[in-house]
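*Asks:*
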Amino acid sequence: MSRINQLSEHVANAIAAGEVVERPVSVVKELIENALDAGATSISVEIEDGGIKLIRIIDNGCGMDQEDAVKAFSCHATSKINQLEDLESIFTMGFRGEALASISAVSKVDLSTCMPEQNVGTQVKIEGGKHILTSEVAGVRGTSITVRDLFFNQPARYKFLKKDHTEAQYITILCERFVMIRPDVSFKLINNGKQILMSPGNGSPIDALYCVYGAEVVEQTISVDYTQSSVDVRGFAGKPAIARKGRGEQTVFVNDRLIRSKTISAAIEQAYRPYLMKGRFAFVVLFVNIPSALVDVNVHPQKSEVRFWNDSEVFRAVFHGIQNALKQSDMTSEPSRFSGEPMNTKHKDVSKVGHYLVSEENNISDSKGEKFPAEDSMLASSENNHSMHSAAGKSMPHELLEQNFFQNRNGHEMPLAFNASDFIKVSPTVLPFDNTNRQVEMSVDQPMEPSSESGEPDKDKRIALIELMEARFVGVLFATYILLESDSAFLIIDQHAAHEKILYERLSDRNRSKDYLKAQYLLTPQMLRLTRAEVMLVQAHQERLRELAFDIDLIGDFEVTVRAIPSFARESDIGLLVHEVLQSLDFKNDYLEQDVYHHLATAACKAAVKANDRLDVAEVQGLIKDLVGIANPYHCPHGRPIIVRYEKSDIEKWFKRIV
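Letter by letter, the sequence shown follows residues 1064 to 1722 of the working numbering.
1) Please classify Pro1354 as buried or exposed, where buried requires at least 16 other C-beta atoms within 10 Å of its C-beta.
2) With a CB to CB cut of under 7 Å and the five nearest residues on each side skipped, what residues in its chain are close to Ala1132?
3) So, helix, strand or coil for Asn1498, using DSSP?
4) Helix, strand or coil, according to DSSP, for Gln1589 in the structure here?
5) What residue from Tyr1544, Val1707, Leu1593 has the CA that sits closest to Ala1674's CA?
6) The beta strand (DSSP E) with Val1090 in it runs from where to where?
7) Can you tell me which of the three DSSP states Tyr1273 falls into?
8) Quick check on the DSSP output: the beta strand (DSSP E) that includes Leu1547 runs from which residue to which?
9) Please classify Leu1586: is it buried, with 16 or more other beta-carbons within 10 angstroms of its beta-carbon, or exposed?
10) Does the Cβ of Pro1179 have 16 or more other Cβ atoms within 10 Å, making it buried, or fewer, making it exposed?
11) Answer with buried or exposed for Phe1382, where buried requires no fewer than 16 other C-beta atoms within 10 angstroms of its C-beta.
12) Can you tell me which of the three DSSP states Val1722 falls into?
13) Taking the C-alpha atoms as reference points, what is the distance between Leu1591 and Ile1236?
14) Name the DSSP bridge partner or partners of Pro1629?
15) Could you tell me whether the Cβ atoms of Pro1218 and Pro1246 are closer together than 8 Å?
16) Which of the three DSSP states, helix, strand or coil, is assigned to Leu1686?
17) Report buried or exposed for Gly1538, applying the criterion of at least 16 other Cβ atoms within 10 angstroms of its Cβ.
18) Tell me, which residues are paired with Asn1254 by DSSP?
19) Could you tell me if Asp1616 is buried or exposed, where buried requires 16 or more neighbouring beta carbons within 10 angstroms of its beta carbon?
20) Looking at C-alpha atoms only, which residue of Ile1253, Thr1594, Phe1631, Leu1645 is the closest neighbour of Glu1606?
21) Compute the Euclidean distance between the alpha carbons of Ser1375 and Gln1391, then round it to the nearest angstrom.
22) Compute the Euclidean distance between the alpha carbons of Phe1250 and Ile1259, then round it to the nearest angstrom.
23) Could you give the first and the last residue of the continuous alpha helix (DSSP H) run that contains Asp1636?
24) Give me the residue from Gly1114, Ile1244, Asp1636, Arg1310 with the minimum Cα distance to Asn1318.
25) Using DSSP bridges, identify the partner residues of Lys1193.
26) Hey, how far is the Cα of Val1294 from the Cα of Val1358?
27) Please look up how many angstroms separate the CB atoms of Ile1106 and Ile1118, rounded, as I've assumed it's under 8 Å.
28) Could you please give the first and the last residue of the uninterrupted beta strand (DSSP E) stretch that includes Tyr1709?
29) Answer yes if the region 1684-1701 comes into contact with the region 1563-1572, meaning at least three C-beta pairs across the two stretches below 8 Å, and no otherwise.
30) Please report the straight-line C-alpha distance between Ala1168 and Glu1190, rounded to a whole angstrom.
31) Could you tell me how far apart the beta carbons of Gly1114 and Val1083 are, in whole angstroms, since I believe they sit closer than 8 Å?
32) When you compare each of Ile1529, Ala1304, Leu1580, Arg1323 to Glu1282 by their alpha carbons, which one comes out closest?
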């Protein structure tokens, strides 16, 4: 007896539905695409209970006659293609003929449709893949499809759906994407009887962007319009001010189809690299148009991925399109004024320093021949064992700056030939240090990455902390750098970076943060405009937000009033902080703790003491005490060094006390 069974059409359709219909938003996507392919200029989407109870799509497209209305529910029935070669030139959103068959297999579907020239329309009812009714109805141009009780016959699939507000949020985001894809079509979204989206449909991309994101985002975007070879790139690139912590606000359309592409994401990231800190992602809405023969859209069940004929060509077009837009907007700021070659300080003694020359008699003469005693000069040798290397191995000459003066102990003015920043060109050892005098290489044209300390011996860490605790306070340089000395070294601490790290460590952990996370009520509550998705998150997570020291009330469809914020936050940063915390909230009735507390901690960093903030001795001592008490006092949350250490022997070499 044969063990292989031929599945019935009903079972096969139910299985196929698993790929096409994952959740309510999948149904909405397929039906909107069908409406657009039908030439609709007005599309209404109505949902109840997150689309699980009801989804109704009404359009004013071309409609269908009775024969096509019935045939449309058959598997692989489509008007988009006729033969295999048609796949090479697809201009429609759909083409497989799977959507209606898959949707009707797992729900109760009621379709009413009428062609423009007809007075009588057609109604078709199907439940769980079984045909129930075909009849004539009063004719209204277009098509109305109602989907009820999604997954009513597949409880295993039903239990994997998320909460109603989460499913509604997915649908809202999708509809907003379609508003941007087709600004010439008017979209309306109704959730549980309340209209939450209405686009003008006037064909203006900027109006569509305004409808979805509001004026604040529109004002912070730059138009992109670039063509390279056969790739056309247009859309909007956000300024760094509206960058986010994830790629959720990077929306990419290829031939007006919403897709995900690692190639395009990488190009966006590369174009923004000089403008954004690590971990920040640009706001981007991009439309990439490619001849249909050069892109394969038939590679994913939900058509959310495509395959390009030439990834590198697409990458270059997107990269240069965004890069040119940013440059033309006067946003160019070189990461460094240097040429890109790191400074070399491990070289032979320099005999020429600025315009001063060291003579054989150990005197210093300027270019005019006038001599000064060497002991009255501030000559720095660049020889140093703790060094940085340049790729070319050449030294960087010192430049003589304008002459300044300082008072010596007797009150006489003495010449100071060198500015402090250029006086000594050495690479100090950055704590934690070891006994191998390891050399650190850094290129100024590469972003600084947080250092990994996995290879540092614990003993060396303990030695470094002990030295820091026992170091003697010397003073504060430029109201920014705390100066300490030990028996064998000179330590410099960046007060802002140190305080940043202390605040970050206190708040980045949920349990530890309870002692520091306090709410402060604003004298004047601040109003914010949120996206529809963010409004839903505020509604769903009021209790969580209060735990995080926020008091936020809804006052309109898109506006909220912020009455309280964490005590460490600055009022000028309220908008950004609220947006980032809401982004970190999980779609479930829980939140991603690490992300939420990371953003709170990052906001706390902005409350840290700044450069030029003057601290008294007691404040400095408290800062150092707190710094020693954290796990990693050596690098700030952004990866920059907090403590720099000069060996006593290095300083003695600068002044030729030792050779």
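A virtual CB, placed ideally from N, CA and C, is assigned to each residue, including glycine. Predicted model, so just to flag it, every value in this text is computed and none were measured.
*Replies:* Taking the structure as given:
1) Position 291 of the sequence shown, counted from the first residue, corresponds to residue 1354. Exposed.
2) Start at 1 with the first residue of the sequence shown, and residue 1132 comes out as number 69. Once the five neighbours on either side are set aside, the close Cβ partners of Ala1132 are Leu1174, Thr1176, Thr1185, Val1187.
3) In the sequence shown, counting from the first residue as 1, residue 1498 sits at position 435. The pLDDT assigned to Asn1498 is 31, lower than 50, so where the model puts this residue is not dependable; a value taken from the coordinates is nonetheless given after this. Reduced to three states, the DSSP call for Asn1498 is coil.
4) The residue given as residue 1589 occupies position 526 in the sequence shown. Strand at Gln1589.
5) As a working mapping, residue 1674 is identified with position 611 in the sequence shown. Residue Tyr1544 is the option with its Cα nearest to Ala1674.
6) Here residue 1090 corresponds to residue number 27 of the sequence shown, with the count starting at 1. Not the beta strand (DSSP E): Val1090 falls in the alpha helix (DSSP H), residues 1087-1100.
7) Numbered from its first residue, the sequence shown carries residue 1273 at position 210. Three-state DSSP puts Tyr1273 in a helix.
8) Translated into positions along the sequence shown, residue 1547 becomes position 484. Leu1547 -> beta strand (DSSP E) spans 1544-1548.
9) Start at 1 with the first residue of the sequence shown, and residue 1586 comes out as number 523. Answer is exposed; the Cβ neighbour count stays below 16.
10) Position 116 of the sequence shown, counted from the start, is the residue given in the question as residue 1179. Its Cβ having fewer than 16 others within 10 Å, Pro1179 is exposed.
11) Along the sequence shown, read from residue 1 onward, the residue named residue 1382 stands at position 319. The residue in question, Phe1382, is buried, as its Cβ has 16 or more Cβ neighbours within 10 Å.
12) Here residue 1722 refers to the residue found at position 659 of the sequence shown. It is coil, neither helix nor strand.
13) Reading the sequence shown from its first residue, position 528 is the one you call residue 1591. Reading the sequence shown from its first residue, position 173 is the one you call residue 1236. The straight-line gap from Cα to Cα measures roughly 19 Å.
14) Counting from 1 along the sequence shown, the entry for residue 1629 is found at position 566. Answer is Ala1582.
15) Residue 1218 sits at position 155 when you count from the first residue of the sequence shown. Residue 1246 sits at position 183 when you count from the first residue of the sequence shown. It is not a contact, given that the beta carbons lie outside the stated cut-off.
16) Translated into the one-based positions of the sequence shown, residue 1686 becomes position 623. Helix.
17) For this step, residue 1538 is matched to residue 475 along the sequence shown. That one is exposed.
18) Numbered from 1 along the sequence shown, position 191 holds the residue referred to as residue 1254. Per DSSP, Ile1110, Lys1257.
19) For this step, residue 1616 is matched to residue 553 along the sequence shown. By the neighbour-count rule (16 or more Cβ atoms within 10 Å), Asp1616 is not buried but exposed.
20) In the sequence shown, residue 1606 corresponds to position 543, counting from 1. The shortest Cα separation from Glu1606 among Ile1253, Thr1594, Phe1631, Leu1645 belongs to Leu1645.
21) Locating residue 1375 in the sequence shown gives position 312, counting from the first residue. Locating residue 1391 in the sequence shown gives position 328, counting from the first residue. Roughly 24 Å between the two C-alpha positions.
22) As a working note, residue 1250 is residue 187 in the sequence shown. As a working note, residue 1259 is residue 196 in the sequence shown. About 11 Å.
23) Sequence index remark: in the sequence shown, residue 1636 carries index 573 (1-based). Per DSSP, Asp1636 belongs to no alpha helix (DSSP H) and is neither H nor E.
24) Here residue 1318 is taken as the residue at index 255 of the sequence shown, counted from 1. Comparing Cα-Cα distances from Asn1318 to each of Gly1114, Ile1244, Asp1636, Arg1310, the minimum goes to Ile1244.
25) Position 130 of the sequence shown holds residue 1193. According to DSSP, Lys1193 bridges with Glu1190.
26) For this step, residue 1294 is matched to residue 231 along the sequence shown. For this step, residue 1358 is matched to residue 295 along the sequence shown. Those two C-alpha atoms are separated by around 11 Å.
27) Locating residue 1106 in the sequence shown gives position 43, counting from the first residue. Locating residue 1118 in the sequence shown gives position 55, counting from the first residue. Their Cβ separation, rounded to whole angstroms, is 13 Å, which puts Ile1106 and Ile1118 out of contact at 8 Å.
28) For the purposes of this step, residue 1709 is identified with residue 646 of the sequence shown, where counting begins at 1. Looking at the DSSP string, the run of the beta strand (DSSP E) that includes Tyr1709 is 1706-1710.
29) yes
30) Taking the first residue of the sequence shown as 1, we reach residue 1168 at position 105. Taking the first residue of the sequence shown as 1, we reach residue 1190 at position 127. If I take the Cα positions, the gap works out to 7 Å.
31) Locating residue 1114 in the sequence shown gives position 51, where the first residue counts as 1. Locating residue 1083 in the sequence shown gives position 20, where the first residue counts as 1. The Cβ separation is near 15 Å, so there is no contact.
32) Start at 1 with the first residue of the sequence shown, and residue 1282 comes out as number 219. Closest by alpha carbon: Ala1304.
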